[in-house]
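Protein chains in written order, with the working numbering: chain R, 215 to 326; chain H, 238 to 352. Comments concern the structure below.
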Amino acid sequence: QKEVEQDPGPLSVPEGAIVSLNCTYSNSAFQYFMWYRQYSRKGPELLMYTYSSGNKEDGRFTAQVDKSSKYISLFIRDSQPSDSATYLCAMSSLYNFNKFYFGSGTKLNVKP
Amino acid sequence: DAGITQSPRHKVTETGTPVTLRCHQTENHRYMYWYRQDPGHGLRLIHYSYGVKDTDKGEVSDGYSVSRSKTEDFLLTLESATSSQTSVYFCAISERKDRGHYEQYFGPGTRLTVT
Numbered sequence: 215q216k217e218v219e220q221d222p223g224p225l226s227v228p229e230g231a232i233v234s235l236n237c238t239y240s241n242s243a244f245q246y247f248m249w250y251r252q253y254s255r256k257g258p259e260l261l262m263y264t265y266s267s268g269n270k271e272d273g274r275f276t277a278q279v280d281k282s283s284k285y286i287s288l289f290i291r292d293s294q295p296s297d298s299a300t301y302l303c304a305m306s307s308l309y310n311f312n313k314f315y316f317g318s319g320t321k322l323n324v325k326p
Numbered sequence: 238d239a240g241i242t243q244s245p246r247h248k249v250t251e252t253g254t255p256v257t258l259r260c261h262q263t264e265n266h267r268y269m270y271w272y273r274q275d276p277g278h279g280l281r282l283i284h285y286s287y288g289v290k291d292t293d294k295g296e297v298s299d300g301y302s303v304s305r306s307k308t309e310d311f312l313l314t315l316e317s318a319t320s321s322q323t324s325v326y327f328c329a330i331s332e333r334k335d336r337g338h339y340e341q342y343f344g345p346g347t348r349l350t351v352t
């Protein structure tokens, strides 16, 4: 079993929709949670970071962590065609903070 | 942009030939990583480095070696390339942030095809 699971999609939504992207994990030591956005033929770029539990908002993006359920989410409000990309979640633990565990990515397509 | 460049950006090579990929960073980061990305597998760690001449294996290190003789350069070598090593290779660095955690930043990638 992988330590981080992510539905590969693809997820196709109309422009303006609210998008929910999710990851589950098995290691309760994970404390740091990241979301990356990767456009086709580009490197992943860090979108958001959260520590432990709770929500974090940045513009149209909200990252949510539920440690009791070992579940993290990224919400995108008012989705735009420019949001079409693959979204990867990543995690690291307090004990091994320089080792990162990635989900396999969810491909999102926002239709105009 | 964490000042990471990779070379070459694209390479086609034949089975059995040696290949070296280069990662160069300009911001003196201590930790550097090599990943490969394949459909259905996401990012998989090949090797990483925690300082000059200090390296360790990741989860898919067989068939790969690395070297780091200078802080700014991290080289990945395929001693004898195989078709299963056709992939996109990403270099990354990790940077310490205010809360004491580390965030990881990626280079643009090298697309390698082994024929």
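Quick reminder that beta carbons are idealized off the backbone N, C-alpha and C, glycines included.
Three-way DSSP call (helix, strand, coil) for residue i in this model
i      : result
R:Q294 : coil
R:Q215 : coil
R:S267 : coil
R:S318 : coil
H:S298 : coil
R:S254 : coil
R:S306 : strand
H:S306 : strand
R:S242 : coil
Contacts of residue i in chain R (Cβ-Cβ under 8 Å)
i      : result
H:Y268 : N312
Cutoff 8 Å: residue i Cβ touching any chain H Cβ
i      : result
R:S225 : For the sequence presented, residue 225 of chain R should be read as Leu rather than Ser. By this cut-off, R:L225 is not an interface position.
R:G230 : no
R:Y246 : yes
R:Q306 : For clarity, residue 306 of chain R is Ser in the given sequence; the question names Gln instead. Closer than 8 Å to some Cβ of chain H, the Cβ of R:S306 qualifies, so yes.
Test: residue i CB closer than 8 Å to a CB of chain R
i      : result
H:Y342 : yes
H:L284 : Reading the sequence as shown, one finds His at residue 284 of chain H and not Leu. No, because no Cβ of chain R sits closer than 8 Å to the Cβ of H:H284.
H:G346 : yes
Chain H contact residues for residue i, given Cβ-Cβ distances below 9 Å
i      : result
R:L302 : G279 and L280
Residues that residue i contacts on chain H, provided the C-beta gap is smaller than 8 Å
i      : result
R:F275 : None at all; the shortest Cβ gap to chain H is about 16 Å.
Partners in chain R for residue i, counting only beta-carbon separations shorter than 7 Å
i      : result
H:P245 : Neighbours of H:P245 on chain R: none; closest Cβ ~15 Å, over 7 Å.
Contact list for residue i against chain H, beta-carbon separation under 7 Å
i      : result
R:S318 : G277, H278 and G279
Closer than 8 Å to chain B by CB, residue i
i      : result
R:L225 : No chain B appears in this structure, whose protein chains are R and H.
Worksheet item: For the region 256-271 of chain R, which residues have a beta carbon sitting closer than 9 Å to at least one beta carbon of chain H?
Response: K256, G257, P258, E259, L260, Y263 and Y265
Discussion item. When you compare the region 281-293 of chain R with the region 234-246 of chain R, are there three or more beta-carbon pairs, one atom per stretch, that lie closer than 8 Å?
Written reply: yes
Worksheet item: Which residues, taken in chain order from the region 302-314 of chain H, show a beta carbon closer than 9 Å to some beta carbon of chain R?
Response: none
Discussion item. Under 7 Å, CB to CB, which of the residues in the region 326-339 of chain H have a partner in chain R?
Written reply: F327, S331, R336, H338 and Y339
Discussion item. For the pair the region 294-303 of chain R and the region 311-323 of chain R, tell me if three or more CB-CB distances fall below 8 Å.
Written reply: yes
Discussion item. For the pair the region 332-345 of chain H and the region 307-323 of chain H, tell me if three or more CB-CB distances fall below 8 Å.
Written reply: no
Practice prompt. For the region 262-273 of chain H and the region 282-291 of chain H, state whether three or more C-beta atom pairs, one from each stretch, are separated by less than 8 Å.
Written response: yes
Worksheet entry | Segment contact flag, the region 302-313 of chain H with the region 242-253 of chain H, C-beta cutoff 8 Å, min 3 pairs | no
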